Amino acid sequence: MIPRYLLIGVAALLVLVVAMGIYARHMRRQAGELESLAANALPVAPPASGPTETVTLYVADDAAGMLRARSAQIPLPGGRQQRAEELLRTLLRIYQQPGAAHPLAPAADIRSIYLVDPGAAVIDLNAAFADQHRSGILSEQLTVNSLVETLAANVPGIQRVNILVEGKTRDTLAGHADLTESFDVVTVVQAGNQ
Amino acid sequence: MPSTTTNKLLAILLASVTLLSAAPSADEKHISVYSPVAIYTLPVLDRGGHEYVGLLELLEPLGRVSTATDGRRWKLRYNAVDAEFVAGKTRARIRGHNFDFMAPFLIENSRGLVPLSSLSAFLPRFLGAPVNFRESARRLFVGDVGIQIGFQLDASNPPRLALNFSAPVNPTISTEPGKLRMVFKRDPVVSPGSQSISFDNKVITHASYSENNGDAELEVAANEPLMASFSNNRRTIVVSAVPPVATPSVAGQNPAQATPAANVASGNNNVHRVLAVVDPAHGGEERGAALTDKLAEKDVTLGFARLLRHELETRGFAVALLRDGDTSSTLDQRAAAANVARAGIYISLHAVSQGSGACVYTALLPVEGTSKGAFHAWNAAQSPALPVSRIVSAAIVAEMQKREFPVQASSASLRPLNNVFMPAVAVELAPGADGIADLTSANYQQRAASAIADAVVSVRDRLGVQP
Chain A
291 MIPRYLLIGV
301 AALLVLVVAM
311 GIYARHMRRQ
321 AGELESLAAN
331 ALPVAPPASG
341 PTETVTLYVA
351 DDAAGMLRAR
361 SAQIPLPGGR
371 QQRAEELLRT
381 LLRIYQQPGA
391 AHPLAPAADI
401 RSIYLVDPGA
411 AVIDLNAAFA
421 DQHRSGILSE
431 QLTVNSLVET
441 LAANVPGIQR
451 VNILVEGKTR
461 DTLAGHADLT
471 ESFDVVTVVQ
481 AGNQ
Chain B
164 MPSTTTNKLL
174 AILLASVTLL
184 SAAPSADEKH
194 ISVYSPVAIY
204 TLPVLDRGGH
214 EYVGLLELLE
224 PLGRVSTATD
234 GRRWKLRYNA
244 VDAEFVAGKT
254 RARIRGHNFD
264 FMAPFLIENS
274 RGLVPLSSLS
284 AFLPRFLGAP
294 VNFRESARRL
304 FVGDVGIQIG
314 FQLDASNPPR
324 LALNFSAPVN
334 PTISTEPGKL
344 RMVFKRDPVV
354 SPGSQSISFD
364 NKVITHASYS
374 ENNGDAELEV
384 AANEPLMASF
394 SNNRRTIVVS
404 AVPPVATPSV
414 AGQNPAQATP
424 AANVASGNNN
434 VHRVLAVVDP
444 AHGGEERGAA
454 LTDKLAEKDV
464 TLGFARLLRH
474 ELETRGFAVA
484 LLRDGDTSST
494 LDQRAAAANV
504 ARAGIYISLH
514 AVSQGSGACV
524 YTALLPVEGT
534 SKGAFHAWNA
544 AQSPALPVSR
554 IVSAAIVAEM
564 QKREFPVQAS
574 SASLRPLNNV
584 FMPAVAVELA
594 PGADGIADLT
604 SANYQQRAAS
614 AIADAVVSVR
624 DRLGVQP
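Those protein sequences? They're chains A and B, same order as listed.
Under our numbering, the letters of the first sequence match residues 291 to 484, in that order.
Under our numbering, the letters of the second sequence match residues 164 to 630, in that order.
(1) Enumerated in chain order, which unbroken segments of the beta strand (DSSP E) with a length of 3 residues or greater are wholly contained in the stretch 322-360 of chain B?
(2) Return helix, strand or coil for B/Ala238, following the three-state DSSP convention.
(3) Are the stretch 505-517 of chain B and the stretch 422-429 of chain A touching by the rule of at least three beta carbon pairs closer than 8 Å?
(4) Cβ of A/Leu428 less than 7 Å from any chain B Cβ?
(5) Counting contacts by CB-CB distance shorter than 7 Å, is B/Arg486 in contact with chain A?
(6) How about the stretch 328-346 of chain B and the stretch 192-202 of chain B: do they share at least three Cβ pairs that are nearer than 8 Å?
(7) Measure from the alpha carbon of A/Pro408 to the alpha carbon of each residue in A/Glu376, A/Arg450, A/Gln422, then state which is nearest.
(8) At 7 Å on the CB atoms, spell out the chain B contacts of A/Gly465, in chain order.
(9) What are the boundary residues of the beta strand (DSSP E) that A/Gln371 is part of?
(10) Using only alpha-carbon positions, find the residue among B/Glu298, B/Ile615, B/Tyr215 that is nearest to B/Gly275.
(11) Assess, as a yes-or-no matter, whether the stretch 382-390 of chain B is touched by the stretch 309-319 of chain B under the definition of 3 or more beta carbon pairs within less than 8 Å.
(12) Which residues does DSSP pair with A/Gln363 in a beta bridge?
(13) Count the CB pairs spanning the stretch 286-298 of chain B and the stretch 364-371 of chain B that are closer than 8 Å, and state whether there are at least three.
(14) Residues of chain A with CB under 7 Å from B/Asn542, in chain order?
(15) Answer yes if the stretch 443-460 of chain A comes into contact with the stretch 381-389 of chain A, meaning at least three C-beta pairs across the two stretches below 8 Å, and no otherwise.
(16) With a threshold of 7 Å between beta carbons, is A/Gln320 in contact with chain B?
(17) Anyone know if the C-beta pair for B/Pro321 and B/Ala404 falls short of 7 Å?
(18) With distances taken Cα to Cα, identify the nearest neighbour of B/Ala521 among B/Ala498, B/Glu476, B/Pro569.
(19) Please report the residue range of the beta strand (DSSP E) in which A/Thr440 lies.
(20) If you follow the alpha helix (DSSP H) that B/His369 is in, where does it begin and where does it stop?
(21) Would you say B/Gln358 and B/Ser329 are within 7 Å of each other, going by their C-beta atoms?
(22) Which word fits A/Gln422, buried or exposed, when buried means at least 16 other C-beta atoms lie within 10 angstroms of its C-beta?
(23) Using only alpha-carbon positions, find the residue among A/Ala420, A/Ala374, A/Ile364 that is nearest to A/Ala395.
(24) Please report the distance separating the alpha-carbon of B/Pro351 from that of A/Val479.
(25) Closer than 7 Å, CB to CB, is B/Glu591 near chain A or not?
(26) Bridge partners of B/Thr633, per DSSP?
(27) Who are the neighbours of A/Thr477 on chain B, taking C-beta pairs under 7 Å?
(28) With which residues is A/His466 paired in a DSSP beta bridge?
(29) On the DSSP letters alone, give me the boundaries of the alpha helix (DSSP H) that A/Gly482 sits inside.
(30) If contact means a Cβ-Cβ distance below 7 Å, which residues of the stretch 542-571 of chain B contact chain A?
(31) Grouping DSSP H, G and I as helix and E and B as strand, with all else coil, what is B/Asn542?
(32) Check each residue of the stretch 346-360 of chain A: if its Cβ is closer than 7 Å to any Cβ of chain B, include it; give the result in chain order.
(33) Tell me, please, whether the CB atom of B/Arg497 is closer than 7 Å to any CB atom in chain A?
(34) Enumerate in chain order the residues of its own chain whose CB-to-CB distance from B/Arg566 is below 7 Å, with the five nearest sequence positions on each side excluded.
(35) For a test of the three-state rule: what should DSSP assign to B/Asn609, helix, strand or coil?
(36) For the structure I just gave you, are there three or more beta carbon pairs, one from the stretch 342-362 of chain A and one from the stretch 433-444 of chain A, closer than 8 Å?
Laid out in structure tokens, this is it:
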């Protein structure tokens, strides 16, 4: 005859084991969802603070095969580097709107911009920017020109621009536009005016 | 810096090796196709004791083709003709009627292969034009494209044999003691009627004609060394005995190098012709833009390049394609090949699924590297030729506008445009009114190729001449 207290103890332990199992499974599922959310999350830029300024954005239009100058009022931070980053992120948001004339991937982002004296700027794009960019000479070159001209028009002193992807030199943006060399701002602007 | 120089020399060497390796070897079986819209060569495959050729590759330069694979079934649409094939079966359905091949239809890597032995009966059902297939020589004539040869011997001293062709030709010419051999790889030259023609002459004795592996060959036999020269806009080749040459007085000079025959033997038959290098962008593993789920940019650029080659050749240019198959080369190799060949003009071809018409690009040069005297930085080698490149671009735009072909000009940071020292443009072909199907349409590509060729002719005087 098994004592009654032993039966109750074993039953309680079984209930505890089952409850722990259910809890562990719930925790694992929750951790998986968090990881998935983190992987899919679009980069969110911190809200810019500072006085609102009028800037000129050079926005690509695929159908016309050219850039169109567009004025915008945006809050810009004080530092040159932060100002340049905010400027290009504003440009990027235009391209990520539904029905944009030059669509870019929703996950495309500017990782950072480095301003190197004298007169050099380095734009570091994220991988999604290049990997999900449409392939074609016109489309790729419009993107490059748009970034270079917008930067040069609003951040004084920039004479040449390099474009990196995930911090590294990449041969082309999406198979055509050469990213291994510096872009001369004057040459790019003159080409845009042709 | 020494490592940079070494890298460039290596690139040039690699380019040369790549170009040599890209050319079909003498042992490789191939079929030559001659048609009014395109002249091209395709590899022939041996399967189960029969010779096969890829059907899509065969029809693609001739019209609009689309294919779909459904298990063992392979469907093809050429212009408005539908056909269905089953892998391993000899029976196919074309225009709703049965057709029996001499050997089973095959599918390899989604490519449909048809036996050569059935082409004569099979192709007219698609093309709606007479087809003359010389199976033993693997030469396929679509429509009336054959070039006739006429012989005219002038028995004066030294004797001269004039070979008159009904259209311009561009054979490879070589000599050996007592023989001068002309190999027609891209000219639809046909037999003069007799395989051998004898001449009543002590010096030039006879000529013989033969066909093999997609090529035609004409051999002139003589008792003295022979030389050849072109005239009448390449419609006439005059074969004559090499005149006696005084022994060079310069010490150490190889007398053989001083004879005209040496030039002929080197195959230099393009004297004073502008060499155009046409570069079908991408290739091999590098597919370029995905124009549709199945259509890659590299395939469109190759077909377009073959048409442009034909258009330029008929206008008197010597043309070199940087690839004539699905091969890959680096951008440095492509630039080095064009530079080593000392081309008069470099034309890069691209295709895109968005936009309409064509866009013509000249180089958007980067911040120039250091130049040392006559030497330009590799990344800005295009700099001295850029003004002429822009003239070429403007000429192409003008020709296309004349044909009401939508076009615009622009600049692009596109390699290897920056790395070639001769006038250079890139042309990106976009769909026309019929949408994406235009990109594979021979008519659409033909319009663009013809406009480019006419434009290049109009600026010929500004282009370098092949030395």
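Every residue gets a Cβ at the ideal spot worked out from N, C-alpha and C, and that includes glycine.
Just so you know, these numbers come straight off a predicted model, no measurement behind them.
According to the structure shown:
(1) Runs of the beta strand (DSSP E) inside the stretch 322-360 of chain B: 323-328, 335-339, 342-347.
(2) Here residue 238 of chain B refers to the residue found at position 75 of the second sequence. Residue identity check: residue 238 of chain B is Lys in the sequence provided, not Ala. B/Lys238 carries a strand assignment under DSSP once its states are collapsed to helix, strand and coil.
(3) Note that the stretch 505-517 of chain B touches the stretch 422-429 of chain A; at least 3 beta-carbon pairs, one per stretch, sit closer than 8 Å.
(4) Position 138 of the first sequence, counted from the start, is the residue given in the question as residue 428 of chain A. With 7 Å as the cut-off, A/Leu428 counts as an interface residue toward chain B.
(5) Working through the second sequence from its first residue, we reach residue 486 of chain B at position 323. Output row for B/Arg486: interface = no.
(6) no
(7) By one-based count along the first sequence, residue 408 of chain A stands at place 118. Ranking the options by Cα distance to A/Pro408, first place goes to A/Arg450.
(8) Taking the first residue of the first sequence as 1, we reach residue 465 of chain A at position 175. Within chain B, the residues whose beta carbon sits less than 7 Å from that of A/Gly465 are Gly451, Ala452, listed in sequence order.
(9) What you label residue 371 of chain A is simply residue 81 of the first sequence in a count that begins at 1. Note, A/Gln371: premise wrong, no beta strand (DSSP E); alpha helix (DSSP H) at 370-385.
(10) Residue mapping note: residue 275 of chain B aligns to position 112 of the second sequence, counting from 1. Checked all of B/Glu298, B/Ile615, B/Tyr215; the closest Cα to B/Gly275 is B/Tyr215.
(11) no
(12) As a first step, residue 363 of chain A is located in the first sequence; it is residue number 73 there, counting from the start. DSSP output for A/Gln363 lists A/Thr344 as bridge partner(s).
(13) no
(14) Counted from its first residue, the second sequence places residue 542 of chain B at position 379. Residues of chain A passing the Cβ test: Glu471.
(15) no
(16) Here residue 320 of chain A refers to the residue found at position 30 of the first sequence. Taking Cβ atoms only, chain B never reaches closer than 7 Å to A/Gln320, which makes this a no.
(17) By one-based count along the second sequence, residue 321 of chain B stands at place 158. By one-based count along the second sequence, residue 404 of chain B stands at place 241. Yes; because the gap between Cβ atoms is below 7 Å, this pair is in contact.
(18) Counting from one through the second sequence, the residue named residue 521 of chain B turns up at place 358. Considering only alpha carbons, the answer is B/Pro569.
(19) Counting from 1 along the first sequence, the entry for residue 440 of chain A is found at position 150. Following the DSSP letters along the chain, one finds A/Thr440 in no beta strand (DSSP E) but inside the alpha helix (DSSP H) bounded by residues 427-444.
(20) One-based indexing of the second sequence puts residue 369 of chain B at position 206. Where B/His369 is concerned, there is no enclosing alpha helix (DSSP H), although the beta strand (DSSP E) it sits in stretches over 367-375.
(21) Within the second sequence, the letter at position 195 stands for residue 358 of chain B. Within the second sequence, the letter at position 166 stands for residue 329 of chain B. It is not a contact, given that the beta carbons lie outside the stated cut-off.
(22) By 1-based counting over the first sequence, the position of residue 422 of chain A is 132. A/Gln422 counts as exposed, since fewer than 16 other beta carbons sit within 10 angstroms of its beta carbon.
(23) Reading the first sequence from its first residue, position 105 is the one you call residue 395 of chain A. Of the candidates A/Ala420, A/Ala374, A/Ile364, the one whose C-alpha sits nearest the C-alpha of A/Ala395 is A/Ala420.
(24) Start at 1 with the first residue of the second sequence, and residue 351 of chain B comes out as number 188. Start at 1 with the first residue of the first sequence, and residue 479 of chain A comes out as number 189. Approximately 50 Å, taken between the alpha carbons.
(25) Residue 591 of chain B sits at position 428 when you count from the first residue of the second sequence. Yes, because at least one Cβ of chain A sits closer than 7 Å to the Cβ of B/Glu591.
(26) What the structure shows of chain B is the stretch from 164 to 630, and residue 633 of chain B is not part of that stretch, so it cannot be assessed.
(27) Sequence index remark: in the first sequence, residue 477 of chain A carries index 187 (1-based). Per Cβ cutoff of 7 Å: Leu527, Leu528.
(28) Counting from 1 along the first sequence, the entry for residue 466 of chain A is found at position 176. As DSSP reads the structure, A/His466 sits in no beta bridge.
(29) Here residue 482 of chain A is taken as the residue at index 192 of the first sequence, counted from 1. Unbroken alpha helix (DSSP H) run through A/Gly482: 475-483.
(30) Asn542, Gln571
(31) Counting from one through the second sequence, the residue named residue 542 of chain B turns up at place 379. Reduced to three states, the DSSP call for B/Asn542 is helix.
(32) Asp352, Gly355
(33) Taking the first residue of the second sequence as 1, we reach residue 497 of chain B at position 334. Not an interface residue.
(34) The sequence position of residue 566 of chain B within the second sequence is 403, counting from 1. Only Arg610, Ala614 meet the Cβ criterion.
(35) Counting from 1 along the second sequence, the entry for residue 609 of chain B is found at position 446. Per the sequence shown, the amino acid found at residue 609 of chain B is Gln instead of Asn. Of the three classes helix, strand and coil, the one that applies to B/Gln609 here is helix, per DSSP.
(36) yes
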